[in-house]
Amino acid sequence: MAASGNKQGSLLSQVDTPEDLRKLPMEKLPVLAKELREFLINTVSRTSGHLASGLGVVELTIALHYVYNTPFDQIIWDVGHQAYPHKILTGRRDQMSSIRQKNGLHPFLWRQESPYDTFSTGHASTSISEALGLALANKALNNGKKVCAIIGDGALTGGVSFEAMNHAGDLGADMLLVLNDNEMSISESVGSLAKHLAMWLSSPIYSRLLSSGKSVLENLPLVKDLAIKAQEHLKGMVVPGTLFEELGFNYVGPIDGHDISALIPVLKNMKDLKGPQILHVVTKKGKGYQPAEEDPTKYHGVPRFDPPVGISDDSDSVVCRRYSHVFGDWLMKTAASDKALRAVTPAMCEGSGMTEFASRFPGQYFDVAIAEQHAVLLASGLAAGGLRPVVCVYSTFLQRAYDQIIHDVAIQDLPIVIAIDRAGIVGADGPTHQGMFDISYMKSVPNITFMAPSTLRDFWLMLNTAYSLGHPAAVRYPRGCGISEGFSPDDKSLIPIGRAEILRRGHEVCVLGWGPLVQETSAEFAKRELSYTVVNMRFIKPFDKDLVLNMADTHRVIITLEDGVISGGIGEAVAAFIMENGRHPVIRCLGIPDEFVEQDSPESIYRQYGMDGSSVADLAESLDKNLMGDPGRNIFRSRSSRKVS
15 MAASGNKQGS
25 LLSQVDTPED
35 LRKLPMEKLP
45 VLAKELREFL
55 INTVSRTSGH
65 LASGLGVVEL
75 TIALHYVYNT
85 PFDQIIWDVG
95 HQAYPHKILT
105 GRRDQMSSIR
115 QKNGLHPFLW
125 RQESPYDTFS
135 TGHASTSISE
145 ALGLALANKA
155 LNNGKKVCAI
165 IGDGALTGGV
175 SFEAMNHAGD
185 LGADMLLVLN
195 DNEMSISESV
205 GSLAKHLAMW
215 LSSPIYSRLL
225 SSGKSVLENL
235 PLVKDLAIKA
245 QEHLKGMVVP
255 GTLFEELGFN
265 YVGPIDGHDI
275 SALIPVLKNM
285 KDLKGPQILH
295 VVTKKGKGYQ
305 PAEEDPTKYH
315 GVPRFDPPVG
325 ISDDSDSVVC
335 RRYSHVFGDW
345 LMKTAASDKA
355 LRAVTPAMCE
365 GSGMTEFASR
375 FPGQYFDVAI
385 AEQHAVLLAS
395 GLAAGGLRPV
405 VCVYSTFLQR
415 AYDQIIHDVA
425 IQDLPIVIAI
435 DRAGIVGADG
445 PTHQGMFDIS
455 YMKSVPNITF
465 MAPSTLRDFW
475 LMLNTAYSLG
485 HPAAVRYPRG
495 CGISEGFSPD
505 DKSLIPIGRA
515 EILRRGHEVC
525 VLGWGPLVQE
535 TSAEFAKREL
545 SYTVVNMRFI
555 KPFDKDLVLN
565 MADTHRVIIT
575 LEDGVISGGI
585 GEAVAAFIME
595 NGRHPVIRCL
605 GIPDEFVEQD
615 SPESIYRQYG
625 MDGSSVADLA
635 ESLDKNLMGD
645 PGRNIFRSRS
655 SRKVS
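Count along the sequence shown starting at 1, add 14, and that's the number in our numbering.
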């Protein structure tokens, strides 16, 4: 059944490109917006994905492509989860059913996917810097291209946004920044005033009048300063743009981001203005779909659902306990007995299982918005001041705070716990969100204890251990459910630092694993009745060197298994250690090879790279068989995983 917005004869079915859109009379655009919104709801309800943010920018997306000559003119969306309507209007409508699936549309913007995607955008707060760079390049090449960046109010909390605005204002580059504000509300009367004021402030007449006035007053500095101050104060009384004006931007707004008749003329005016411009538009997340309007957080990223019913509480539930839930429980348990605990997160409260903690312990909780560097620096200050911070951040976003981890945590030996959520393969969110790199970039930093649980019991005890150290510590853990056998929220035990755990004892082949994949491998060996050894290494840093040498002495094959990149990973470090100590078993390092991982289910990705339990068992049997009859063979082989057909 086709989504309603794509019915034969509908306006949306006639719009395959923005060029088609620009042929429509302006009075038909509200009808197109209605059809686009219906199509978006019906499509995402079938595929899963991001919904509320896209619903909020339907009219804005239409207006931008109506005014700008895309793809010649350049539009940048920040962040990419609000760009589903953009994808639909730029030739990908009929492919939306494949979004976030293997070989389908990317979940965010992707340069290789479409000429309309100016930048591949999965992380927030990048658009203003990118737009400034494009504006400077366009000026140097004199190519006549216009640049517009659309940044959500959440992404604007990232510090790099203000760095970019400060620079853009200083350079006076020709660019438009659209601030998509979906937190503020405007009453009807104020909205009407703002609409007319926006038209005036964006008009060429006002711009010329302002320039002429400054020119006339150039030789009267005292009068000029007084006039400028008066203009700023009068403007500041009716529009909240003082900060942006101070950064060198001409501010216009706020205007209703769902009123196409207001958006289009203001955008047309502002497109040709000289210097850095900012248009403040107010939108509503989830606009046009009542459940999403009432709970935009719940409908930010959605599973498959029935639009007339909405997301039921058990729509995406699995009978299991999730790592994020256990983390939230541990925070509450620990905070109840230690008033010094402080939890810090960069806008990942719900995803990281911290919602109940934030409600029960508001004085011990800090959501710093999309500002990973600040999150780690804040924790450093809290720790230096005598408190015990725990920073929870997704692996893919922690990359942005690498300097702070080195400079402000590790060098200063501060008692900070970094809980690295979504570590390893996360699946459908694609290359920008896979947590592939944290082992490689964290294990190289001195003075940090680094752990990876294979079960929920491991996880709980590692959090206990990390918090007890009084030194920098990190625990990486995956998205989703974990093995709950042996888990108890009352367990106060600690894990001896650097001590591994043998899951299965055997001979000839030994698998050294970090994270849940090692449990899957152990279960597969048991199922096949393979008498090989499996070790839950638990510690990435320091790893159990005595046990590793013992395994190298007693086994002819060592397989390392980690949920991350092989290059610079823990497997390579263990292989080098074995060689440096004069042991020469055959070694295979399993993990992600030197490439970015596209969207797919985690299970499929693990099979693709030979990291699932069945593939590891096949490899172990193959190596064991190949070495039989050649007991004197001493070969060191460390290679990246091959894709398994």
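Don't be surprised by glycine CBs; every beta carbon is placed ideally from N, CA and C.
Check, Outcome
"With DSSP as the reference, please indicate the residues paired to I357 in a beta bridge.", "Looking at the sequence provided, one finds Ala at residue 357 rather than Ile. The partner list for A357 (beta bridge, DSSP) reads Y379 and V404."
"Taking 7 Å as the cut-off, decide whether the C-beta atoms of A385 and T171 are in contact.", "yes"
"Curious, which full-length beta strand (DSSP E) runs of at least 3 residues does the region 448–534 contain?", "463–465, 487–490, 515–518 and 522–528"
"Does L277 pass the burial test, meaning 16 or more other C-beta atoms within 10 Å, or should it be called exposed?", "buried"
"With DSSP as the reference, please indicate the residues paired to P290 in a beta bridge.", "M189"
"Smallest Cα separation from S143: which of E127, C334 and S175?", "S175"
"Could you name the residues that DSSP lists as bridge partners for L604?", "L575"
"To the nearest angstrom, how far is the alpha carbon of A163 from that of S141?", "6 Å"
"Pull the bridge partners of A163 from the DSSP assignment, please.", "I90 and L191"
"What would DSSP say about P268, mapped onto helix, strand or coil?", "strand"
"Pair every Cβ in the region 255–270 with every Cβ in the region 27–46, then say whether three or more of these pairs are closer than 8 Å.", "no"
"Is DSSP giving V174 helix, strand or coil here?", "helix"
"Starting from the N-terminal side, write out each stretch of the beta strand (DSSP E) that is 3 residues or longer and does not extend beyond the region 17–99.", "88–92"
"Identify whether L345 lies in helix, strand or coil by the three-state DSSP scheme.", "helix"
"Would you report the Cα separation of I274 and V192, rounded to the nearest angstrom?", "15 Å"
"Leaving out five residues before and five after G289 in sequence, what residues of the same chain have Cβ atoms less than 6 Å from its Cβ?", "G186"
"Check for me: the beta strand (DSSP E) holding A433 runs from which residue to which?", "V431 to D435"
"Three or more C-beta pairs under 8 Å: does that hold for the region 362–377 against the region 520–539?", "no"
"For P460 and chain B, any beta-carbon pair shorter than 7 Å?", "In the displayed structure, chain B is absent; only one protein chain is listed."
"With a Cβ-Cβ cutoff of 7 Å, do V600 and V630 count as a contact?", "no"
"Express the C-alpha separation of Q304 and D320 in angstroms, rounding to a whole number.", "13 Å"
"Could you tell me which residues DSSP pairs with G367 in its beta bridges?", "DSSP output for G367 lists no bridge partner at all."
"Given this structure, state the Cα-to-Cα distance separating L121 from G166, to the nearest angstrom.", "Sequence check: residue 121 is Pro here, not Leu. Each residue's Cα considered, the two are about 17 Å apart."
"Between which two residues does the beta strand (DSSP E) harbouring V548 extend?", "T547 to N550"
"How many Å lie between D417 and H137 at the Cα?", "18 Å"
"Assuming P99 and L54 are in contact, meaning their beta carbons sit under 8 Å apart, how far apart are those beta carbons, in whole angstroms?", "6 Å"
"Can you say whether Q126 is buried or exposed, counting buried as having 16 or more other CB atoms within 10 angstroms of its CB?", "exposed"
"At the level of alpha carbons, what is the spacing between M551 and D472?", "11 Å"
"Got a sec, what are the start and stop residues for the beta strand (DSSP E) K555 sits in?", "F553 to K555"
"Is V358 near F380, with beta carbons less than 7 Å apart?", "yes"
"Do I113 and T61 have their C-beta atoms within less than 7 Å of each other?", "yes"
"To the nearest angstrom, how far is the alpha carbon of G399 from that of M284?", "48 Å"
"Count the other C-beta atoms from every protein chain shown that fall within 10 angstroms of the C-beta of Q448, then say buried if there are 16 or more, exposed otherwise.", "buried"
"Buried or exposed: which applies to L483, given that a residue is buried once 16 or more other Cβ atoms fall within 10 Å of its Cβ?", "exposed"
"How do the region 538–555 and the region 605–617 stand: do at least 3 beta-carbon pairs fall below 8 Å, yes or no?", "no"
"According to the Cβ coordinates, are A149 and D188 closer than 7 Å?", "yes"
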